[in-house]
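Some notes on the structure that comes next.
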Amino acid sequence: MATSPEIYFELVELSGHVIAKGAWSTTLLAECLYQSAHLAKPGRRCRLLQGTWEITPSTPLAALDLRLGTCIQVVWLSSSAADRRSHGHAFVAIKADGSVVTWGNAVYGANSSAVALLLTEGVVQVCGTQGAFAAIKANGSVVTWGSDDHGGNSSAVAPLLTEGVVQVHGNTCAFAAVKANGSIVTWGNAVNNANFSTSSTWVPLLTEDIVQVCGTNFAFAAIRANGSVVTWGCDDHGGNSSAVAALLTEDVVQVCGTNCAFAAIKANGSVVTWGDAGDGGNSSAVAALLTEGVIQVCGTSSAFAAIKANGSVVTWGDVDNGGNSSSVAALLTEGVIQVCGTSSAFAAIKANGSVVTWGDAGDGGNSSAVAALLTEDVVQVSGTNSAFAAIKANGSVVTWGRDDHGGNSSAVAPLLTEGVVQVHGNSFAFAAIKTSGSVVTWGIAGYGGNSSAVALLLTEGVVQVY
0 MATSPEIYFE LVELSGHVIA KGAWSTTLLA ECLYQSAHLA KPGRRCRLLQ
50 GTWEITPSTP LAALDLRLGT CIQVVWLSSS AADRRSHGHA FVAIKADGSV
100 VTWGNAVYGA NSSAVALLLT EGVVQVCGTQ GAFAAIKANG SVVTWGSDDH
150 GGNSSAVAPL LTEGVVQVHG NTCAFAAVKA NGSIVTWGNA VNNANFSTSS
200 TWVPLLTEDI VQVCGTNFAF AAIRANGSVV TWGCDDHGGN SSAVAALLTE
250 DVVQVCGTNC AFAAIKANGS VVTWGDAGDG GNSSAVAALL TEGVIQVCGT
300 SSAFAAIKAN GSVVTWGDVD NGGNSSSVAA LLTEGVIQVC GTSSAFAAIK
350 ANGSVVTWGD AGDGGNSSAV AALLTEDVVQ VSGTNSAFAA IKANGSVVTW
400 GRDDHGGNSS AVAPLLTEGV VQVHGNSFAF AAIKTSGSVV TWGIAGYGGN
450 SSAVALLLTE GVVQVY
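One point on numbering: in numbering that gives the first Met the number 0, the residue at position 234 of the sequence shown is 233, and numbering is uninterrupted.
The following block contains the structure:
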């Protein structure tokens, strides 16, 4: 019996690291490549690019242009577990056809009418600041809208955003885009030094080899392919890393931020911190616990929580905002697989599907009101500023924390009993995607909790919400 021809591919991260390689039948769809990528980093979402062109899961392998080579670039997208919560005051939904729907606070990004014609197709990723959004299209171009002071106006760098962009990250009021050649493009509010000038001595370090960018409120940190870190922005928000520079010259694999501090994980599992001491920049009190074995770091507004390979959790920073986990310490010695933060509290999912919370009680640190629903089967937790939402294995959602920030979902409770596959929180509201591709929202109405104005566009086909 004749066998179908095969194509050899290598899946390569921006750093140059090959995460998978092999031969796949030409009869398959690119979904098989996505599955191979996800084996390398379970739970993380990614984009696959051939040159600057997007490969979707439904792309036939036979349709790929082998003249562009057999190297497929893997771009890892934000993970709700690993990255800091959204600053946003609005929501953006991407539909299966690549079009975009926006709602929430009109001044802060909900009104995309000025660029509507550019958002009817081809959008593959969206990132936000507090008051603006940036969308990456399949051809590598970027479209921005929202408050000018928060990065909604990218005209000053427009010629640099017409192609080749593979990743965008936003802090409170500025964006940083990584291009396929490893260079960085920034725009937004420069008053807080969120941008960099050509006179800066370290600008040459941002012209190539950048593989990841992370932000605090008013600073950025970029990881280069050699594992070194470059920082810029407000000194007291982590823009100045000179105090730990010797520790950031190699082997950094992840960076996470609070409002004013950064934490970097190195390849040996150790952690380096800098920025405002009270916001997690000083980890000396737990230094002995951060010398090895750390696999993930998450932040609230002013504290960090690190998961170690043995499933234990280490916390530091503002004691009132999650930096002190002593009240639940016995529950955090093993089995933790994910941690998520609001502005002042943490929620940890354990391997048995139970949830442990600590930090400011009113902002989600106290989950006693729903404790009976959090003893098993929780698969994902996300947060707003002051509330959490947990998805259970049966597709139902449990919420707690400040009522008007999404902690009370009673108004939409019948819609959250089954079928929910993803929940995203901005500052003050939640949006849940169901298996039907419809969206359910709750929280402060003017910040995205009420999506009635665009309800007809959210009944089907939604694949991602930001």
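For each residue, glycine too, the CB sits at the ideal point set by N, CA and C. Only a predicted model underlies this, so the values are computations on that prediction, with no experimental measurement involved.
Check	Outcome
His88 versus Thr26 - alpha carbon distance	44 Å
3-residue-minimum beta strand (DSSP E) runs that sit fully inside the stretch 209-244, ordered along the chain	209-214, 218-223 and 228-232
Contact set for Pro470: own chain, Cβ-Cβ below 7 Å, skip 5 residues either direction	An answer regarding residue 470 cannot be provided, because it is not within the stretch 0 to 465 covered by the chain.
Straight-line Cα distance separating Gly322 from Thr161	42 Å
Residue of Asp359, Ser426, Ala389 and Gly418 minimising C-alpha distance to Ser408	Ala389
Inter-residue Cα distance where the pair is Phe387 and Thr341	7 Å
Unbroken beta strand (DSSP E) run spanning Ser24, endpoints	Val17 to Ser24
Cβ-based burial, Arg66 [other Cβ within 10 Å; buried from 16]	exposed
Alpha carbon of Gly232 to alpha carbon of Leu60, nearest angstrom	43 Å
Enclosing beta strand (DSSP E) for His88 [first to last residue]	Note, His88: premise wrong, no beta strand (DSSP E); not H, not E.
Ala263: first and last residue of the uninterrupted beta strand (DSSP E) it sits in	Ala260 to Lys265
4 or more residues per run - each alpha helix (DSSP H) lying fully within the stretch 365-425	none
C-beta atoms of Gly381 and Glu417 nearer than 8 Å	Per the sequence shown, the amino acid found at residue 381 is Ser instead of Gly. In this structure, Glu417 does not lie closer than 8 Å to Ser381 by Cβ.
Pairwise C-alpha distance: Trp52 and Thr58	12 Å
7 Å Cβ shell around Ser450 - same chain, five flanking residues per side excluded	Trp102, Val438, Thr440 and Leu457
Where the beta strand (DSSP E) through Cys255 begins and ends	Val251 to Gly256
Short Cβ contact (8 Å threshold) for Phe217 with Thr171	yes
Cβ separation of Pro56 and Leu28, assumed to be a contact under 8 Å, to the nearest whole Å	7 Å
contact_flag[the stretch 266-284, the stretch 248-257] where n(CB pairs < 8 Å) is 3 or more	yes
Through-space distance from Ile93 to Ile6, alpha-carbon basis	31 Å
Check whether Gly310 and Val335 have beta carbons under 8 Å apart	yes
Proximity winner among His16, Ala224 and Leu288, relative to Ser182 (alpha-carbon distances)	Ala224
Assigned secondary structure, Gly361 (DSSP; H/G/I helix, E/B strand, else coil)	helix
With 16 other Cβ atoms within 10 Å as the buried cut-off, status of Asp64	exposed
Reduced DSSP secondary structure (H/G/I, E/B, other) of Tyr56	Correcting the residue identity first, residue 56 is Pro in this sequence and not Tyr. Residue state, collapsed to three classes: coil.
Within 8 Å, strictly: CB atoms of Gly298 and Gly274	no
Exposure label - Asn188; buried when at least 16 CB within 10 Å	buried
Where the alpha helix (DSSP H) through Ala39 begins and ends	Glu30 to Ala39
Ala428 versus Ser326 - alpha carbon distance	28 Å
Contact under 8 Å by Cβ, Thr290 with Ser282	no
Leu118 - DSSP class collapsed to helix/strand/coil	helix
Reduced DSSP category for Tyr465 - H, G, I as helix; E, B as strand; rest coil	coil
Residue burial classification, Gln124 (beta-carbon count within 10 angstroms, cutoff 16)	buried
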